[in-house]
């Protein structure tokens, strides 16, 4: 099979507490040549999309007491 384009979408919903949530998503596409590793490109796009969502959510999460308490509990 000849794959020419790969697309990856990553969505995440963050519970901010008090019945509030933040839903973010990122979609990335890549054109690849037949000799390129499609699985490797897919993994790379997934990691990039995930990092992009995490970075976009960071300011809101830092302002959310509920999320910061969750982070503290996970570190223990």
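In the numbering used here, the protein residues as written are 6 to 81.
Note that beta-carbon positions come from the ideal geometry of N, C-alpha and C, so glycine has one too.
In this structure, DSSP gives residue 68 a helical state, which the three-state scheme calls helix.
Annotated three-state conformation of residue 24 is coil, per DSSP. In the structure shown, the three-state DSSP call for residue 36 is strand.
Secondary structure at residue 80: helix, using DSSP grouped into helix, strand and coil. Here residue 15 is buried. Its C-beta has 16 or more other C-beta atoms within 10 Å.
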